[in-house]
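K.L.:
Protein chains: 2
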Amino acid sequence: MSPTKEDYLKILFELGGRTEQVPNKEIANRLSISPPTVTEMMNSLVKAGWVVYTPYKGSKLTQEGTDYAKKLIRKHRLWEVFLVKHLGFNINEVHPEAELLEHSTSAELADRLEAYLEFPEYCPHGGAISTDLMEEQEDMTVHLTEAVLGVPVRISRIVDEDRLLRYFENHDLKIGDRVTVTGRDSGLDLLTLNHGTTDKEIQISQTIAQYLFVEHI
Amino acid sequence: MSPTKEDYLKILFELGGRTEQVPNKEIANRLSISPPTVTEMMNSLVKAGWVVYTPYKGSKLTQEGTDYAKKLIRKHRLWEVFLVKHLGFNINEVHPEAELLEHSTSAELADRLEAYLEFPEYCPHGGAISTDLMEEQEDMTVHLTEAVLGVPVRISRIVDEDRLLRYFENHDLKIGDRVTVTGRDSGLDLLTLNHGTTDKEIQISQTIAQYLFVEHI
DNA sequence: GTTGATATTTAGGTTACCCTAATATATAAA
DNA sequence: TTTATATATTAGGGTAACCTAAATATCAAC
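Chains as they are written, first to last, in the numbering used here: chain A, 8 to 224; chain B, 8 to 224.
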């Protein structure tokens, strides 16, 4: 299994490919590659049994594909805990490091690392580490864009992509914060939030808000 | 820089490519690839400025190539220390793990890891970690095959290739042991040693003894 | 100095992963 | 229901890193 293929499986999981068909374009966007390359890769992943692909519709992970993706994400998050807790990295620096390390981590190494870290439940971005908890969390949390107007929620997880993390940091948003969606303007692609702690108004792009997960309180 | 190219630089350093021309065949053997592939890769490494190549003779590392190789080896050895000291791995299990991790380790990560490990001097196989000490050690130590008959020496370093480590373990040899070469049979490719601690006679293949480094006491 | 053994290179081919340009399909709007 | 737009696929090409088979260079022995 190449790091490249592993990346496809992981992205597929992150885009909901466990339960829904993910269109090629979304994968192409997230990985910054051309759509024909995605088509080609999907055919290869189908042949290897990781993915079910319906031409012109999109791809879903098989059970094997889902399990593989979850293991990768677990490794990624374990490294993030290590980098932050023991090596003193800043939360928004660890993603690219873990992105590399995850592909070089045997099952044995992951298990030993997990024990060494004393079985942490969450990564620094709020993502569940145990592969069982992972699916549960995926199902329970909701995109910020789907939160009901006026109902306060708690930010539980931020998709850990470098540029995104800096965007959220610049808007003073972090895990655990309570926010209330007060307005939605689809034309301008804007979401207006009230920050529970500071009571300030925050405006962020809806497209980007998709990468923020919230839980009801 | 691809992991593949990094492996070539590292092997070149390990085979003495810092000071001498290394023939293609040795590289092909150590990496288990065909000689034509080595020729091809050497041309590409020359173009990138890592290597000076004389056709039909062999390759030498440039200063840049040497520095790059030393940084890789440092990362490799740092991971080995971490795996043994903190994750409880066995010495002969860590090589393949570190072999993967070294290619996924930024300079920043290596520095932080080194500080976390409290600046260890040597890896579990006896290899120096600081890039300065590394060359020094390389120059001072001598292959077991070159030790003078009857003169006791101390095993200082074992090239950490998985199969070799198991071979040395099976012959009850480890770092720090005092041994004396008592006989050499080139026809049978045999080296006879006297083990300083147990006073037992040990016979190992000369070919394999090349991967054992010793220091005079 | 020719010969033979060994090492190296050249020639030609494969697979993985990426691309652009052109074509085809699906979907939403008129 | 046709048409426009967005999305996906096919066709054709490129580079990196491997391979085998055949040709060539080196070097030591005669």
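C-beta atoms are modelled at their ideal positions from N, C-alpha and C, and glycine is treated no differently. Every value quoted in this text rests on a predicted model; they were computed, and no experiment measured them.
Would you kindly work out how many angstroms separate the C-alpha atoms of L94(B) and I18(A), rounded to a whole number?
P.N.:
The residue given as residue 94(B) occupies position 87 in the second sequence. The residue given as residue 18(A) occupies position 11 in the first sequence. Their Cα atoms are separated by approximately 29 Å.
K.L.:
In terms of residue numbering, what span does the beta strand (DSSP E) encompassing S39(B) cover?
P.N.:
If you number the second sequence from 1, residue 39(B) lands on position 32. Note, S39(B): premise wrong, no beta strand (DSSP E); not H, not E.
K.L.:
Kindly list the residues whose CB is nearer than 8 Å to the CB of E128(B), restricted to its own chain and excluding five residues on each side of it in sequence; keep chain order.
P.N.:
Sequence index remark: in the second sequence, residue 128(B) carries index 121 (1-based). Cβ within range, chain order: A135, I136, S137, L140.
K.L.:
Is it buried or exposed, F126(A), if we count other Cβ atoms within 10 angstroms and call 16 or more buried?
P.N.:
Residue 126(A) sits at position 119 when you count from the first residue of the first sequence. Exposed is the call here.
K.L.:
Could you say which of Y174(A), G133(A), L198(A) lies nearest to F220(A) if we only look at CA atoms?
P.N.:
Within the first sequence, numbered from 1, the residue matching residue 220(A) stands at position 213. Nearest C-alpha to F220(A): G133(A).
K.L.:
Tell me the DSSP bridge mates of G190(A)?
P.N.:
Numbered from its first residue, the first sequence carries residue 190(A) at position 183. In the DSSP output, where bridge partners are listed per residue, G190(A) has T199(A).
K.L.:
F96(A) CB to nearest chain B CB: under 9 Å?
P.N.:
Working through the first sequence from its first residue, we reach residue 96(A) at position 89. Taking Cβ atoms only, chain B reaches closer than 9 Å to F96(A), which makes this a yes.
K.L.:
Nearest-angstrom Cα distance between K92(B) and T46(B)?
P.N.:
By one-based count along the second sequence, residue 92(B) stands at place 85. By one-based count along the second sequence, residue 46(B) stands at place 39. Approximately 40 Å between the Cα atoms of the pair.
K.L.:
With a cut-off of 9 Å, does the C-beta of Y123(A) fall near any C-beta of chain B?
P.N.:
Sequence index remark: in the first sequence, residue 123(A) carries index 116 (1-based). For Y123(A), the answer is yes, since a Cβ of chain B falls inside 9 Å of its Cβ.
K.L.:
How close, in whole Å, do the beta carbons of W86(B) and A114(B) come, if the pair is a contact with beta carbons under 8 Å?
P.N.:
Stepping through the second sequence from its first residue, residue 86(B) is reached at position 79. Stepping through the second sequence from its first residue, residue 114(B) is reached at position 107. The Cβ separation is near 14 Å, so there is no contact.
K.L.:
Please give me, in chain order, every unbroken run of the beta strand (DSSP E) with length at least 3 that falls completely inside the stretch 22-85 of chain A.
P.N.:
Here the runs fully enclosed are 58-61, 65-68.
K.L.:
Any C-beta of chain B sitting closer than 9 Å to the C-beta of S51(A)?
P.N.:
The residue you call residue 51(A) lines up with position 44 of the first sequence. No, because no Cβ of chain B sits closer than 9 Å to the Cβ of S51(A).
K.L.:
Do W57(B) and T44(B) have their C-beta atoms closer together than 9 Å?
P.N.:
Mapped onto the second sequence, residue 57(B) falls at position 50. Mapped onto the second sequence, residue 44(B) falls at position 37. No. Outside cutoff.
K.L.:
For the candidate residues Q217(B), H223(B), P10(B), whose alpha-carbon lies nearest to that of T112(B)?
P.N.:
What you label residue 112(B) is simply residue 105 of the second sequence in a count that begins at 1. Here the closest residue by C-alpha is P10(B).
K.L.:
Determine the extent of the alpha helix (DSSP H) in which H102(A) is found, giving its start and end residues.
P.N.:
Reading the first sequence from its first residue, position 95 is the one you call residue 102(A). From DSSP, the alpha helix (DSSP H) with H102(A) extends over 101-108.
K.L.:
According to DSSP, is F96(A) helix, strand or coil?
P.N.:
To locate residue 96(A), count along the first sequence from 1; it is residue 89. Coil, per DSSP.
K.L.:
Can you tell which of T187(B), D179(B), N50(B), T61(B) has the C-alpha that lies nearest to the C-alpha of P30(B)?
P.N.:
Within the second sequence, numbered from 1, the residue matching residue 30(B) stands at position 23. Closest option to P30(B), Cα to Cα, is T61(B).
K.L.:
May I have a chain-ordered list of the beta strand (DSSP E) segments no shorter than 3 residues that lie completely inside the stretch 114-193 of chain B?
P.N.:
Whole beta strand (DSSP E) segments, 3+ residues: 159-165, 185-192.
K.L.:
Would you say S111(A) reaches chain B, if we count a Cβ-Cβ gap shorter than 9 Å as a contact?
P.N.:
Residue numbering aside, residue 111(A) sits at position 104 when the first sequence is read from its first letter. By this cut-off, S111(A) is an interface position.
K.L.:
Report the partner residues of S212(A) according to the DSSP bridge assignment.
P.N.:
Counted from its first residue, the first sequence places residue 212(A) at position 205. According to DSSP, which records beta bridges pairwise, S212(A) is partnered with L197(A).
K.L.:
Measuring straight from C-alpha to C-alpha, what distance separates H178(A) and C130(A)?
P.N.:
Numbered from 1 along the first sequence, position 171 holds the residue referred to as residue 178(A). Numbered from 1 along the first sequence, position 123 holds the residue referred to as residue 130(A). Distance between the alpha carbons of H178(A) and C130(A): 21 Å.
K.L.:
Counting only the same chain and skipping the five closest in sequence on each side, list residues whose C-beta sits under 8 Å from that of T227(B).
P.N.:
Absent from the structure is residue 227(B), since the part of chain B shown begins at 8 and ends at 224.
K.L.:
Taking 8 Å as the limit between beta carbons, can you name the residues of its chain near E168(B), skipping five residues before and five after?
P.N.:
Sequence index remark: in the second sequence, residue 168(B) carries index 161 (1-based). Cβ neighbours of E168(B) beyond the five flanking positions: H102, Y218.
K.L.:
Are I215(A) and L172(A) close, meaning C-beta to C-beta below 9 Å?
P.N.:
For this step, residue 215(A) is matched to residue 208 along the first sequence. For this step, residue 172(A) is matched to residue 165 along the first sequence. Result no, Cβ atoms of I215(A) and L172(A) do not sit closer than 9 Å.
K.L.:
Quick check: H223(A) and R161(A), are their CB atoms within less than 9 Å of each other?
P.N.:
Position 216 of the first sequence, counted from the start, is the residue given in the question as residue 223(A). Position 154 of the first sequence, counted from the start, is the residue given in the question as residue 161(A). Cβ atoms of H223(A) and R161(A): closer than 9 Å.
K.L.:
Confirm, please, whether the CB-CB distance from L108(B) to H83(B) is below 9 Å.
P.N.:
What you label residue 83(B) is simply residue 76 of the second sequence in a count that begins at 1. What you label residue 108(B) is simply residue 101 of the second sequence in a count that begins at 1. Yes, they are a contact pair.
K.L.:
Report buried or exposed for G183(A), applying the criterion of at least 16 other Cβ atoms within 10 angstroms of its Cβ.
P.N.:
Indexing the first sequence from 1 puts residue 183(A) at position 176. Looking at its Cβ environment, which holds fewer than 16 other Cβ atoms inside 10 Å, G183(A) is exposed.
K.L.:
Who does V221(B) pair with in a DSSP beta bridge?
P.N.:
If you number the second sequence from 1, residue 221(B) lands on position 214. In the DSSP output, where bridge partners are listed per residue, V221(B) has V149(B), I162(B).
K.L.:
E104(A) versus chain B: which residues are under 9 Å apart at the beta carbon?
P.N.:
The residue labelled residue 104(A) in the question sits at position 97 within the first sequence. Chain B residues near E104(A): S111, T112, S113, E115, L116.
K.L.:
Of the choices E143(B), N97(B), L90(B), whose alpha-carbon is the least far from that of T26(B)?
P.N.:
Looking up residue 26(B) in the second sequence gives position 19. Considering only alpha carbons, the answer is E143(B).
K.L.:
Cutting at 7 Å between CB atoms, please list the residues of its own chain near E13(A), excluding the five before and the five after it.
P.N.:
As a working note, residue 13(A) is residue 6 in the first sequence. Result list for E13(A): L79, H110, in chain order.
K.L.:
Relative to chain B, which residues along the stretch 162-182 of chain A have a C-beta separation below 9 Å, given in chain order?
P.N.:
So nothing in the stretch comes that close.
K.L.:
Among L22(B), N36(B), P42(B), I98(B), which residue has its Cα nearest to the Cα of K67(B)?
P.N.:
Counted from its first residue, the second sequence places residue 67(B) at position 60. Checking every option, the nearest Cα to that of K67(B) belongs to L22(B).
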